[in-house]
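K.L.:
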Amino acid sequence: MQIQGWEILNDGTLGGQLKGITLPINTTIAPRATTEIRYTANFDAVLTRSLTFEPITLGTPPDDAEVTIELLPSPTGNNNEWDYQVIVTGSGSITNGTSAGTIRLDNNGDILDITGAGFEITLTDGTTIDFTVPTIGEKPNFVGTAASGTETYTMAGKFTAFSSSTEVFDSRGTAHILTTTFTKVDEHTWHWVTVSEDGSGVGNGSLTFRDDGTLASMSGGPIVFNPSGAAPMSINPVFSSITHYDGETSIVWAQNGYEMGYLDSFKIDSAGTIIGVFTNGLTKDIAQIAIATFNNPAGLEKVGETMFIKSNNSGEPAFHTSGVGGSGRVTPGTLEMSNVDLSQEFTDMIVTQRGFQANSRIITTSDEMLQELVNLKR
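As numbered in our numbering, residues 5 to 382 make up the sequence shown, in order.
Following this line, the structure appears as structure tokens:
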């Protein structure tokens, strides 16, 4: 016998025809391309914007030198501007060029303006390394090249920013990684830039906060890129749940895309809905179990231990969903008591116990007989 019910259509309504419920093992959920990313975060309000350079070591001992870049806030008060000074310690010195100047960054952390024309460092063994200043429009990295041309050194600038990576899906269900970097611009403003894993997708904008730490306005978007072999993607970033309080910076995200999924298992809820569980983590309502009521349930004809069919006395069945029209409710994960004859189960348990006791007696008797044989031999 097959459970009867209605198919649940894609719009969530029940199919009109009552029929046997089937769950095809090849049922799938088609992939869905991501169209929205929601960010929930707090940006540390007391975080100050800063730029730092990791020190580097030139040459090998004993003819080695450490190079650092010291930064001081600009006297203009611009949060994106610093005065810099190159400092060399150890077995080397600056022998040519300009070792001081001013660096100014844009909201993306790229060089907007810089003074100075580069410098040369000479080690005690005579090795010279020429450093060039960062290029406008690029990251604040000082790059040095040895005169021999065989070695290069990079002092990479790191500015106050943090990044979060998000997995999104294209129209074929292929996953891609988007990385969003947030950079503090001033007391109330942060800039954001999003790029795809291959650098082809770009989105950027700004977030402005009120004095009370709530979001006042946001700009930028959408995030647009063209994944290979799939439809072009346009993703709307939503920042409405971001705050600007004194506290640790943290961020979580949620996106609305997913890969294709296969039916992996199913479950039944108290409403009698059969819910499919798919390999991509999604669930889908597949069918609704029907419950029949009769004008005279006592008139049903018994055809098995727990099976009944309609009769002239019972009347025709009326089909309802769980708990509707006087029907009972579905209780998933339980065994109906009418399926078990308690007296028979207790009888079987007693028979099993007596059988175990009898077997134990046989073993005991056999042991005693063997012991007696051993004694006779002695």
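Beta carbons are placed, not taken as given, at the ideal position from N, Cα and C, and that holds for glycine.
Between the segment 172-185 and the segment 32-43, can you find at least three pairs of beta-carbon atoms closer than 8 Å?
P.N.:
yes
K.L.:
Is the distance from the Cβ of Gly-122 to the Cβ of Ala-104 below 8 Å?
P.N.:
no
K.L.:
Give me the Cβ distance between Ala-276 and Ser-326, rounded to the nearest whole Å; I'm assuming they're in contact under 8 Å.
P.N.:
It should be pointed out that residue 276 corresponds to Gly in this sequence rather than to Ala. The Cβ separation is near 4 Å, so the contact holds.
K.L.:
What does Ile-41 pair with, by DSSP beta-bridge criteria?
P.N.:
When beta bridges are read from the DSSP output, Ile-41 appears opposite Pro-241 and Gln-259.
K.L.:
What residue does the beta strand (DSSP E) around Gln-21 start on, and which one ends it?
P.N.:
First-last for Gln-21: undefined, no H or E at that position.
K.L.:
Please classify Ala-235 as buried or exposed, where buried requires at least 16 neighbouring CB atoms within 10 angstroms.
P.N.:
exposed
K.L.:
Regarding Val-199 and the ligand COA, is the C-beta to nearest heavy atom distance less than 7 Å?
P.N.:
In the structure on display, the ligand COA does not appear, and there are no ligands present to speak of.
K.L.:
Considering only DSSP beta bridges, list what Glu-1 is partnered with.
P.N.:
Residue 1 falls outside the range modelled here, since the chain spans only 5 to 382, and no answer is possible.
K.L.:
In the DSSP assignment, the beta strand (DSSP E) including Tyr-88 goes from what residue to what residue?
P.N.:
85-94
K.L.:
Take Thr-61 and list the residues in its own chain whose beta-carbon comes closer than 6 Å to its own, dropping the five residues that flank it on each side.
P.N.:
Asp-68 and Glu-70
K.L.:
For Pro-231, tell me which candidate among Ala-294, Thr-178, Ala-150 and Gln-89 has the shortest Cα-Cα distance.
P.N.:
Thr-178
K.L.:
Given that a residue counts as buried once 16 or more other Cβ atoms are within 10 Å of its Cβ, and exposed if not, what is Tyr-266?
P.N.:
exposed
K.L.:
If we count the other Cβ atoms within 10 Å of its Cβ and call it buried at 16 or more, is Lys-306 buried or exposed?
P.N.:
Exposed is the call here.
K.L.:
Quick check on Ile-133 - is its C-beta less than 8 Å from some C-beta in chain C?
P.N.:
The structure shown contains no chain C, having only a single protein chain.
K.L.:
Going straight from the alpha carbon of Ser-185 to that of Ser-167, what length do you get?
P.N.:
The identity of residue 185 in the sequence shown is Thr, whereas the question assumes Ser. Straight through space, the alpha carbons of Ser-167 and Thr-185 are spaced by roughly 4 Å.
K.L.:
Which same chain residues end up closer than 8 Å to Leu-22 when comparing Cβ atoms and leaving out the 5 residues on each side of it in sequence?
P.N.:
Gln-8, Gly-9, Trp-10, Ala-294 and Phe-323
K.L.:
Using the Cβ count rule (16 or more neighbours within 10 Å means buried), how would you classify Leu-374?
P.N.:
That one is exposed.
K.L.:
Would you report the Cα separation of Ser-254 and Pro-79, rounded to the nearest angstrom?
P.N.:
32 Å
K.L.:
Measure the CB-CB distance between Ser-245 and Pro-226 and report whether it falls below 8 Å.
P.N.:
Pro-226 is positioned such that its CB atom lies no closer than 8 Å to that of Ser-245.
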